[in-house]
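Position one of the sequence shown corresponds to residue 772 (this note's numbering), numbered consecutively onward. Backbone N, C-alpha and C fix where the C-beta goes; we use that ideal spot for every residue, glycine too. Report on the following structure.
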Amino acid sequence: MLKCLPSNSVLLLLTTLFLLGLCSASHATFEVGTTSSSPTPIGQGTQYIEAPNAEQTIESILSNEPRWQTSTQQIFNRGYSNSDWWLKFDVINIGSDSQFYLEFDYPVLDYLDVYLVANNQIIEKHFMGDKLSFSERPLKHRLFILPLDLPSSQNIRVYVRAKSSSSLQVPIKLWHPEAHRQADSATNLVHGVYMGGILVIAIYNLLVYLTLRDKVYLIYVSYICSMLMFLASLNGWSFQYLWPESTSWNDTSTLIFLNGVLLFAVLFAKYFLKLSELKNQLSLQANILSAICLAAMLCYLWFPYNYSIIFLIPYAAFSCLWALSVGVYAWYVGQKSAGLYVISWTGLLVGGILLALSKFQIIPRNVITDQSVQLGSLLEAMLLSFALAQRINHERSGRIEAQEHALAVQKQANDELEENVAARTKELEIANQRLKELSDTDQLTGIKNRRYLDQYVDQEIIRARRYQHPVSILLIDIDHFKAVNDNFGHLVGDICIQAVASELSTQLRFPTDLAARYGGEEFCIVLPQTALEGGIVVAERIRKRIDQHVIEAEGFDQTVTVSIGIYSAIPEKTDTAKHFLENSDNALYSAKHNGRNRVESFQTKHQQS
């Protein structure tokens, strides 16, 4: 066939085929460093394939690369799909730090498998998703977060298999751990303020109901609580804190609470707008919608999530439009309280529509679509509270005695509200303090982490320089730890790290002494007001204690040893925390080099040289 073509045509054809081959073989490479406080988004340029019958496995992909397509979306989004979706991208570390977090910011994915590949060989694989219990996650977080060890200048290829009965969205980000902790703390604070605000409004209206015994307030409180629980389930808070092992209920709860939002919204519209007095046909419609909600709530306990959610979202949109339209009609015929009702429902409806459109892949997912329902629901809750208050004033404006009683009730409710706000503020302060403690603590060992250590060493050096006191820094490393990991597995390695950390904590004698995890299998002990002789005594006591401690784990029943490097000095004007730690590390290197299971000091090393 090629012989029938002119030579120029053949050359053009071959060139085109070659360029197409290059395009099909290209892949996205994302660079990460160590100084950025913002994440690296993994989105546009990511390659993907669809596996409708789950026929693709990581082994089949590595042995016979399929025809990948390149995503043009900032956030990979395929709407509602029953297929498996595979993503592929490369990551290269251009900085000096090697620890990063790979975050998947969509907590309702059913299955999320991640494979790290180097030289076409799988070096790590992790299985996540809300169909697995929360305890199986590599990092205990409401989102799917995978700690990555990316050596400098090394290229790692990442394969991701995602499947979900909900809308399939895979927002991926690469974080530096410290930057992620700071951003996560800010996010938690925002969510805490939102939930606190919603709870305050709910408590306020519950108090009003207990005073007036008007069922519209109880319906409104039920509506607010259902909305709060729906958003908590959608954002992963419920799975993390309320039912971390109930994977099947975790899916169902989202449907139940969203259905509860619709049920109480319809009932609230019926009684707040007095539809039976306004128009009997509207009251009948409210009864039908309520009956459908109750029947659907029972069906969700048996029907699969993927079928239920496809019914529920359009039904939710219809119910919201109905609630808004009856409010417009009531406003049109002169019902004064309907104005705030319509404005509040408009905000929530816009938020719900934005969320639904992003779920169905009609508009791209972003921070506005993610937070639209929260913002809309908070605005609606406040405005409906005002509308309820306005309803009281309108109904009782002609009765002076009842109006005075209502003002007294309102004052009492405001006083109680202020007390609840103060109590909530105190709870938030305690929670923030707890979050700070968690951010300063190593999750594996329970002792202080590297971040806290650096701050503490800086403070102690400044204090020691001012009062001319010595400071001793001990760096401790588990001997032959790589062999333990290779021969017995990372779980046994973690148990060894925990055992050593526990022994270190028991050997501290003074409140100012600090034990912290330096990184990996390395630890650090800070001994303020301790000279070299005292530091060596402590180091030898620790070394002997660990050498005598038998660590028991599955398939492992033996001791480990440690090497310890110590540096002690009265800080001079130019000394820094980095200077002390580097000298301790040099001494540790000497201890390793001279046979391990020993203590070496930086001064001793110089004297020998």
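When the five nearest sequence neighbours on each side are left out, the beta carbons in the same chain lying within less than 6 Å of the beta carbon of alanine 950 are those of Ser808, in order along the chain.
Annotation note: the segment 838–864 contains the following uninterrupted beta strand (DSSP E) runs of length 3 or greater, listed N- to C-terminal: 847–851 and 855–864. Per DSSP, serine 1361 is one residue of the alpha helix (DSSP H) stretching across 1348–1364.
DSSP lists no beta-bridge partner residue for lysine 902.
Per DSSP, glycine 1305 lies in no beta strand (DSSP E) segment; the continuous alpha helix (DSSP H) that holds it begins and ends at 1303–1319. Under the 10 Å beta carbon count, valine 1321 is surrounded by fewer than 16 other beta carbons and is classified as exposed. For valine 885, the secondary structure class from DSSP, reduced to helix, strand or coil, is strand. Assignment of glutamate 1190 by DSSP, reduced to helix, strand and coil, places it in the helix class.
Assignment of beta-bridge partners to aspartate 1248 by DSSP yields Glu1293 and Ser1334. Closest in C-alpha terms to glycine 1291, from the list Leu1303, Val1297 and Asp1250, comes Asp1250. The Cβ atoms of proline 922 and glycine 1007 do not sit closer than 7 Å to each other. For glutamate 826, the secondary structure class from DSSP, reduced to helix, strand or coil, is coil. Residue Tyr851 holds the alpha-carbon nearest to the alpha-carbon of proline 823 among Asn1191, Tyr851 and Gln815.
A Cβ-Cβ contact shorter than 7 Å links alanine 1310 with isoleucine 1337.
Following the DSSP letters along the chain, one finds glutamate 1325 in no alpha helix (DSSP H), marked with neither H nor E. In the DSSP annotation of this structure, the continuous segment of the beta strand (DSSP E) that includes serine 1372 starts and ends at 1370–1372. Boundaries of the beta strand (DSSP E) harbouring valine 803: 800–803, taken from the DSSP string. Among the bridge pairs identified by DSSP, threonine 811 is matched with Leu945. As for any alpha helix (DSSP H) of minimum length 4 sitting wholly inside the segment 1193–1273, the runs are 1221–1238 and 1252–1259, ordered along the chain.
In this structure, aspartate 876 sits near leucine 914, with a CB-CB distance shorter than 7 Å.
Residue environment: lysine 944 is assigned as buried (16 or more neighbouring CB atoms within 10 Å of its CB, all protein chains considered).
In this structure, the CA atom of serine 1090 is about 29 Å from the CA atom of valine 961.
Between the segment 1181–1192 and the segment 1313–1327, the count of Cβ pairs shorter than 8 Å is below three; the stretches do not touch. Taking each of Lys1041, Tyr1086 and Pro1085 in turn and checking the Cα distance to valine 1097, the smallest one comes out for Lys1041.
Around the C-beta of asparagine 1021, 16 or more other C-beta atoms lie within 10 Å, and the residue is accordingly described as buried. In chain order, Asn1030, Leu1033 and Leu1034 place their CB closer than 6 Å to the CB of cysteine 1064, counting only its own chain and leaving out the 5 sequence neighbours on each side.
With a contact defined as Cβ atoms closer than 8 Å, valine 1263 and alanine 1324 qualify at about 5 Å. Shortest Cα-Cα distance from isoleucine 846 to any of Ala1348, Gly814 and Leu939 involves Gly814. About 5 Å separates the beta carbons of threonine 817 and serine 842, which is inside the 8 Å limit, making them a contact pair. Rounded to whole angstroms, the separation of the alpha carbons of tryptophan 1073 and serine 1115 is 34 Å.
Of the residues Asp901, Gln1183, Asp1328 and Gly1305, the one whose Cα lies closest to the Cα of threonine 1023 is Asp901. A residue is called buried when at least 16 other Cβ atoms come within 10 angstroms of its Cβ; lysine 1349 does not meet this threshold and is exposed. Per the C-alpha coordinates, the member of Leu910, Ser924, Arg1237 and Asn959 positioned closest to leucine 1206 is Asn959. Shown here for arginine 928: same chain residues with a beta carbon closer than 6 Å to its own, the five before and five after excluded, namely Asp861 and Val888 in chain order. Counted as a single uninterrupted DSSP element, the stretch harbouring valine 1037 is not any beta strand (DSSP E) but the alpha helix (DSSP H) occupying residues 1018–1043.
Within 10 angstroms of the beta-carbon of proline 1282 lie fewer than 16 other beta-carbons, which makes it exposed.
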